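Worksheet: one structure, shown below.
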Amino acid sequence: MKKTVLSLTLAASVLALGACSGGDNKTIATSKVGDITVADFNKTSKTLAGSHILQQMLTEKVLADKYKVSDKEVKEAYDATASQFGDNFAETLAANGLTEDGYKEALRLQLLSEKALKDKAFSEKDVKKHYEQMKTELNARHILVADEKTAKEVIAKIKGGASFADVAKEYSTDTGSAQKGGELGWFSVGAMVDEFNDAAYALPLKTLSEPVKTSFGYHIIEVTDKRDVKGVGSFKDEEANIRSQMLQKLVQTGQDQQVLKDIIAKMAKDADIKTSDKELEPAIKALTTTSEEQAKAAEEAAKKAEEKAKKETKDTEKK
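Counting in our numbering, the sequence shown runs from 21 upward without gaps.
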């Protein structure tokens, strides 16, 4: 979850870009080509980044209502980053348009986000499933193909008497295991992508799986052996470590930001956020919409577009 000063530039800049205080007619900058008033600055700030500012401020309020980040935690995070840059840190901040306070505020938001992610990314049911699986290691083999039709063809061949190893060498697109007859060796929970992991752990010994779809394609899996893992403690003893491992994998696979967005969306929805400013309503709607809701809305929009296109085609044909 660690990020460099550069990766926090946008968040810090947005948080630092607040509205100027003072009367609307107060001049905050003068020049030979014209002055800028508080009203000018605030109007332009709202136009350029108003939605982002509002979302950042609301996000911090929503998260801070449930999670606490101390000044000490912010200072430790700040000092850790500063030590990486050494004497050049002040220059790096300035070069990225940041102030020390602005960067610290961005760090506070990051730390709040990390606490929310660690707390809500995984249900107790998910963690307990991981715990039960970590008690066992599997020895398995697989065949990876591009589509479900080919996967079913592979299954039919093996069930028809063909050797798993021979079929793997002929069909599998996983070059690392194909020449070894599809052998993967021993592995434990978390070593494979989630869909593969859960399918493998659910399989009885020496039983072919149905096609298992992952981001790599379609897998045919066979677990050839199982063995107990020694030294696994109680669920209470292992829970914190399991959550850390699961979170680390979420970050490594790049899924953490989408999960975090959904967590914040649900919390923001529960907070019943409203605005009297019509121009900022879309920002609140975006903040409180989960990825599932976005996907559903996109699907409905596509369906309406298709129906409209069909209607227009029929109308054209009638003419």
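Ideal placement from N, C-alpha and C gives every residue a C-beta, glycine not left out.
In this text the structure is predicted, and so the values were computed from the model without any measurement.
Cα-Cα separation between residue i and residue j, rounded to whole angstroms
| i | j | result |
| --- | --- | --- |
| L131 | D107 | 25 Å |
| E242 | G202 | 10 Å |
| K286 | S71 | 19 Å |
| E152 | G117 | 49 Å |
| A126 | A260 | 26 Å |
| K226 | E168 | 21 Å |
| M77 | K179 | 59 Å |
| H162 | V249 | 22 Å |
| E332 | V271 | 46 Å |
| D55 | I48 | 8 Å |
| I175 | T336 | 48 Å |
| K6 | D146 | One cannot answer for residue 6 here, as it falls past the ends of the chain, which runs 21 to 339. |
| K334 | A160 | 55 Å |
| E157 | W206 | 7 Å |
| I304 | I293 | 7 Å |
| M266 | V58 | 48 Å |
| E327 | T309 | 25 Å |
Supposed contact pair residue j and residue i - C-beta distance, whole angstroms, cut 8 Å
| i | j | result |
| --- | --- | --- |
| K172 | P224 | The pair is not a contact, with the Cβ atoms about 20 Å apart (cut-off 8 Å). |
| S183 | L164 | With 8 Å as the limit, S183 and L164 do not qualify as a contact, their Cβ atoms being about 17 Å apart. |
Enclosing beta strand (DSSP E) for residue i [first to last residue]
| i | result |
| --- | --- |
| F142 | Taken as a continuous stretch (DSSP letters only), F142 belongs to no beta strand (DSSP E), as it is neither H nor E. |
| I293 | Here I293 belongs to no beta strand (DSSP E), and DSSP marks it neither H nor E. |
| T156 | T156 to V165 |
| T47 | T47 to A49 |
Endpoints, the alpha helix (DSSP H) within which residue i is located
| i | result |
| --- | --- |
| D257 | F255 to Q272 |
| E203 | Where E203 is concerned, there is no enclosing alpha helix (DSSP H), although the beta strand (DSSP E) it sits in stretches over E203 to F207. |
| N62 | V58 to K86 |
| N217 | D214 to A222 |
| K200 | Careful: K200 lies outside any alpha helix (DSSP H) and carries neither H nor E. |
| T101 | D91 to F105 |
| L113 | F109 to A115 |
Residue i - partner residues in DSSP beta bridges
| i | result |
| --- | --- |
| K305 | K305 is not bridged to any residue. |
| G237 | T234 |
| E242 | R161 and L228 |
Check: Does the count of Cβ pairs from the stretch 89 to 109 and the stretch 308 to 318 closer than 8 Å reach three?
Finding: no
Notebook entry, point to check: Touching or not, the stretch 59 to 75 and the stretch 290 to 309, by the rule of three or more beta carbon pairs under 8 Å?
Noted result: yes
Checklist line | Stretch pair the stretch 132 to 140 + the stretch 83 to 93: three plus CB contacts closer than 8 Å | finding: yes
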